[in-house]
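Worksheet: one structure, shown below.
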Amino acid sequence: MLPRSPWKHAARALSVLLLTVAATLAPTTAASAQAETATTSRGWNDFSCKPSAAHPRPVVLVHGTFGNSVDNWLVLAPYLVNRGYCVFSLDYGRLPNVPFFHGLGPIATSAGQLDSYVDRVLAATGAPEVDLVGHSQGGMMPRWYLKFLGGADEVNALVGIAPDNHGTTLLGLTRLLPHFPGAEDLISATTPALADQIAGSPFLTALNEGGDTVPGVRYHVIATRYDEVVTPYRSQFLSGPNVTNVLIQDKCALDLSEHVAIGTVDRVTFHEVANALDPARATPTTCLSVVG
Numbered sequence: 015m016l017p018r019s020p021w022k023h024a025a026r027a028l029s030v031l032l033l034t035v036a037a038t039l040a041p042t043t044a045a046s047a048q049a050e051t052a053t054t055s056r057g058w059n060d061f062s063c064k065p066s067a068a069h070p071r072p073v074v075l076v077h078g079t080f081g082n083s084v085d086n087w088l089v090l091a092p093y094l095v096n097r098g099y100c101v102f103s104l105d106y107g108r109l110p111n112v113p114f115f116h117g118l119g120p121i122a123t124s125a126g127q128l129d130s131y132v133d134r135v136l137a138a139t140g141a142p143e144v145d146l147v148g149h150s151q152g153g154m155m156p157r158w159y160l161k162f163l164g165g166a167d168e169v170n171a172l173v174g175i176a177p178d179n180h181g182t183t184l185l186g187l188t189r190l191l192p193h194f195p196g197a198e199d200l201i202s203a204t205t206p207a208l209a210d211q212i213a214g215s216p217f218l219t220a221l222n223e224g225g226d227t228v229p230g231v232r233y234h235v236i237a238t239r240y241d242e243v244v245t246p247y248r249s250q251f252l253s254g255p256n257v258t259n260v261l262i263q264d265k266c267a268l269d270l271s272e273h274v275a276i277g278t279v280d281r282v283t284f285h286e287v288a289n290a291l292d293p294a295r296a297t298p299t300t301c302l303s304v305v306g
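If you're matching positions, the sequence shown starts at 15 in the working numbering and goes up one per residue.
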């Protein structure tokens with residue numbers, strides 16, 4: 015057995031590495047403070063918004079790990095508002111004394127926060143159901159709400175952009191954890207959501223046991239082959255009825271978006287999101303979708 019001090023330092027180093035990778039790849043918060051005051055005036059997070067006959071369901075945007083309700087959606091939220099949707103976004107998974115960066119708390123707890131937020135949106139808008147669009151953890155976490163918290167009665171569709179539906183190996187880094195006794199416990203204690211997202215975690219085992227989907231909900235997964243955070247990228251895809259799995263490079267081979275870009279700035283992906291929200295009016299998603 016390794017002496018206590020070296021493995022403990024190694025475990026801390028690996029934890030820091032996981033945090034650094036996620037933080038480096040997370041959307042910046044530089045514009046968040048300014049953008050936050052503008053969201054309501056643009057119709058985003060406007061709780062007086064009433065869904066139209068063309069778009070009868072509000073859209074709830076669910077940010078990823080280290081994201082928040084503003085910076086993850088600075089492009090997609092206005093994109094959907096301009097197309098006539100009532101759009102809302104929430105903060106979830108905040109740890110004590112950690113500002114700006116959310117999505118770090120236990121994911122099952124975060125799913126309960128999503129449940130409460132959807133109830134608030136439904137009450138304000140009068141709609142019977144919402145559609146969910148989530149990036150990274152935000153595309154996976156709602157599945158706990160759908161499966162265990164009654165969300166299937168309140169949700170029509172879940173659109174996941176680069177969701178870690180079956181966890182991630184972080185390019186194989188997580189496979190090193192068993193070699194450092196206590197490393198997983200350290201990560202779980204400091205950033206529970208990171209531990210929950212490791213491939214094979216107890217959380218993911220419970221989430222996926224018995225099948226990936228629940229009846230009554232449409233699932234639409236959008237992935238990129240260049241994802242460096244949720245690896246292997248095909249682990250993002252779901253199996254089951256009412257599932258559509260899309261590799262964005264099959265729509266536009268020139269699209270080089272990686273994990274962050276696909277959820278925050280990629281207009282080809284956003285066009286595919288619009289199609290998923292309104293399949294009856296869908297138009298082909300191609301490289302030219304960036305001008306749509």
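In this text, a Cβ means the ideal position worked out from N, Cα and C, and glycines have one as well. Quick caveat, the model's predicted, so the values are computed rather than measured.
Using the C-alpha atoms, what's the distance from residue j back to residue i?
i      : j      : result
Ala290 : Trp58  : 20 Å
Val169 : Val147 : 11 Å
Pro255 : Pro229 : 8 Å
Ala220 : Gly181 : 12 Å
Ala207 : Phe115 : 12 Å
Ala209 : Arg248 : 20 Å
Val304 : Leu104 : 27 Å
Val282 : Gly153 : 18 Å
Thr258 : Pro298 : 15 Å
Leu218 : Lys64  : 36 Å
Ala213 : Glu242 : 15 Å
Thr112 : Arg157 : Note that residue 112 is Val in the sequence shown here, rather than Thr. So the two alpha carbons sit approximately 25 Å from each other.
Ser234 : Asp133 : Looking at the sequence shown, residue 234 is not Ser but His. Cα to Cα, His234 sits roughly 22 Å from Asp133.
Ser150 : Val287 : 14 Å
Ala176 : Gln250 : 7 Å
Asn179 : Gln263 : 19 Å
Ala275 : Asp60  : 26 Å
Asn82  : Thr123 : 16 Å
Gly165 : Pro216 : 21 Å
Val260 : Pro110 : 37 Å
Gly277 : His77  : 9 Å
Ala237 : Asn86  : 17 Å
With which residues is residue i paired in a DSSP beta bridge?
i      : result
Tyr233 : Leu172 and Val257
Thr182 : Ile212
Leu252 : Partner(s): none; Leu252 has no beta bridge.
Leu302 : Answer is none; Leu302 lacks a bridge partner.
Val76  : Leu104 and Gly148
For residue i, collect the residues of the same chain with a Cβ closer than 8 Å to its Cβ; drop the 5 residues on either side in sequence, then sort them by chain order.
i      : result
Gly126 : Tyr159 and Leu163
Tyr131 : Val74, Phe102, Leu104 and Tyr106
Please work out which residues of its chain come closer than 7 Å, Cβ to Cβ, to residue i, disregarding the five sequence neighbours upstream and downstream, and give them in chain order.
i      : result
Thr300 : Lys265 and Cys266
Ser66  : Gly98
Glu143 : Arg71, Glu168, Val169 and Asn170
Ala296 : Asn289
Arg232 : Asn170, Ala171 and Asn256
Thr51  : Confidence at Thr51 is low in this model, with a pLDDT of 40, below 50, so the placement of that residue should be treated as unreliable; the coordinate-derived value is given next. Around Thr51: no qualifying Cβ.
Please return the same chain residues whose Cβ sits closer than 6 Å to the Cβ of residue i, not counting the five positions on each side in sequence.
i      : result
Asp226 : Leu252, Ser253 and Gly254
Asn222 : none
Asp280 : Ser271
Val101 : Trp58, Val73, Ala91, Leu94 and Val95
Ser62  : none
Gly174 : Gly148, Gly153 and Val235
Is there a Cβ from chain D that is less than 9 Å from the Cβ of residue i?
i      : result
Thr283 : Note that chain D does not occur in the displayed structure, where there is just one protein chain.
Exercise. At a cut of 8 Å, does the segment 111 to 125 reach the segment 136 to 145 through at least three beta carbon pairs?
Worked result: Touching, no.
Exercise. Mind pulling the beta strand (DSSP E) runs of 3 or more residues that sit fully within the segment 87 to 157?
Worked result: Correct list: 101 to 104 and 144 to 149.
Problem set entry | Secondary structure, alpha helix (DSSP H): runs of 4+ residues fully inside the segment 265 to 296 | Within the segment 265 to 296, the complete alpha helix (DSSP H) segments of 4 residues or longer fall at 273 to 278 and 281 to 291, listed in chain order.
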